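Asks: I'd like to ask you about the structure that follows.
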Amino acid sequence: MVYPLTGQTQFSDVKIEGLENGVPYYVAVLSVDGNYVESSAKVIHRVVPTNYPGGTPPSITSTASDKATVGYDWNYRPTFFDGDDHNPELVEDLTQQVRNDMDWTLVSAPNGMEIDEASGLISWKPTADQEGVHRVLISAKEHEGEADPLDDGEFAIDIAQEATQEIEINVFPAHLLNGVPYREDVFTFVSNPPLTAVKGTTYSYTPNVFTDGQEYEVMLLNGPKGVTVENNIVKWDVPADAKSDFIELRAETNNGDLIDQTYFVHVHGDNSLIKRSTSIVKYEAINGGILIGWTGDASKYQVQHTASLTPDASGVVEWENVGEPFENGPVNFHAEKSTTGNAGYYRIKDLE
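Per the numbering used here, residue 1 is the first one in the sequence shown, and the count goes up by one each step.
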């Protein structure tokens, strides 16, 4: 708990011990009188501590069943949290969504187990010769697109944008599980909702639910005034007085199975960009090369190099462009494979 001084309405440089980067926390803003009597929460913010915007590694937050049965389907859809999804200042327009696509892989798995690379949904039907304990290792890595500065294999650099989870599964005989017949259906939402809404615009979300082929209907359990669900699509014409709030959904299958999803939507007053100054967030020499990482709000950046910071006869330091300009991203990286013996200095120049 952080208490204000008498008359204090703003805080700066508040330090709270014990918080972990990449983990979401809810911050409640209260009013407090002179006797330190607190009101109910007036505003609730979802806060994600991070070393720098866009630098939060993903983490797998779900737990898989540790039991399976020969001849029965075993399914697991891991869920993850990535703080980058909760930093709206990383986009030029808040009607967009910060969304880090993940590549899911089975690092180690028994025969017959498969994983959907895009959603992470794992499917497996153990056979009679697979009774006993099996260890599974899954990996979730932030997707690299064609425009990413670092191509696969270009540099052996770990920038910690990968999460792993190890699962131990005990496969029981077909006729029993701890003495009773066993069957498990793992139904779940496999879509991630937009987490930002802007006043005066229409918020929309189309949920996707894994129900093993059954038809389902999505309904609204709770949410801000005006939120509706029609034809399994969530819509909200965000009014001028809207507040950030939770949305609770429920999907019901034809067989009566119920699957819930709850998430928090941040409401913003407009779609303007929160300005960020250019900041170096990583500089490292690796294997005879260098890696530079930075964030900022310029449209483009140019990496430049000079052998000396001493001005020439005209009083100017001569900088040379290195490579082509970068289109700005949540986090930008520049890598050079071999810089051994090339003394000098680098800078990141804002363009446009």
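Note that the Cβ used here is the ideal one computed from N, Cα and C, for glycine as well. Since the structure is predicted, the reported quantities are computational estimates derived from the model, not experimental observations.
By DSSP, does Ser261 sit in helix, in strand, or in coil?
Replies: Rather than Ser, the amino acid found at residue 261 in this sequence is Gln. Residue state, collapsed to three classes: strand.
Asks: Does His175 pass the burial test, meaning 16 or more other C-beta atoms within 10 Å, or should it be called exposed?
Replies: Exposed: under 16 other Cβ atoms inside 10 Å.
Asks: Who are the Cβ neighbours of Thr105 in its own chain at under 6 Å, not counting the five residues just before and after it?
Replies: For Thr105, where only same-chain residues beyond five positions count, the Cβ hits under 6 Å are Ser139.
Asks: Is the CB-CB distance between Asn170 and Lys67 below 8 Å?
Replies: In contact: Asn170 and Lys67 (Cβ atoms closer than 8 Å).
Asks: What span of residues does the beta strand (DSSP E) with Gly289 cover, start to end?
Replies: Here the beta strand (DSSP E) through Gly289 covers Gly289 to Thr295.
Asks: Met102 bridges to which residues according to DSSP?
Replies: Answer by DSSP bridge pairing, in chain order: Glu142.
Asks: Starting from Lys67, follow its DSSP beta bridges and name the residues at the other end.
Replies: In DSSP, Lys67 forms a bridge with Asn170.
Asks: From the DSSP output, in three-state form, read off Asp129 for me.
Replies: Of the three classes helix, strand and coil, the one that applies to Asp129 here is helix, per DSSP.
Asks: Quick one, are the C-beta atoms of Val238 and Tyr205 less than 8 Å apart?
Replies: Result no, Cβ atoms of Val238 and Tyr205 do not sit closer than 8 Å.
Asks: On the criterion of 16 or more Cβ atoms from any shown chain inside 10 Å, does Arg77 qualify as buried, or is it exposed?
Replies: It counts as buried.
Asks: Between the Cα of Ala285 and those of Ala307, Asp312, Tyr346 and Glu320, spot the shortest distance and give me the residue it belongs to.
Replies: Measuring from the Cα of Ala285, the nearest candidate turns out to be Tyr346.
Asks: Report the three-state DSSP secondary structure of Gln97 (helix, strand or coil).
Replies: At Gln97, the pLDDT of 45 sits below 50, so the modelled position is not reliable and the matter cannot be decided from this model.
Asks: Rounded to the nearest angstrom, how far is the Cβ of Ile290 from that of Glu336, given a contact under 8 Å?
Replies: Confirmed, Cβ separation roughly 5 Å.
Asks: Is the beta carbon of Glu320 sitting closer than 8 Å to the one on Thr306?
Replies: Yes, they are a contact pair.
Asks: Kindly list the residues whose CB is nearer than 6 Å to the CB of Val245, restricted to its own chain and excluding five residues on each side of it in sequence; keep chain order.
Replies: The amino acid at residue 245 is misidentified as Val; the sequence shows Asp. Here the set comprises Pro224.
Asks: Measuring CA to CA, which of Thr63, Ser277, Pro311 and Asn208 is closest to Asp260?
Replies: Per the Cα distances, Asn208.
Asks: What is the DSSP secondary structure of Val198, reduced to helix, strand or coil?
Replies: If DSSP states are grouped into helix, strand and coil, Val198 belongs with the strands.
Asks: Here's the rule: buried if 16 or more other CB atoms are within 10 angstroms of the residue's CB, otherwise exposed. What is Asn75?
Replies: Result: buried.
Asks: His175 by DSSP, collapsed to three states: which one?
Replies: The answer is coil: DSSP assigns His175 none of H, G, I, E or B.
Asks: Name the one or two DSSP bridge partners that Met219 has.
Replies: In the DSSP output, where bridge partners are listed per residue, Met219 has Arg250.
Asks: Mark Asn332 as exposed unless 16 or more other C-beta atoms lie within 10 angstroms of its C-beta, in which case mark it buried.
Replies: Buried: at least 16 other Cβ atoms inside 10 Å.
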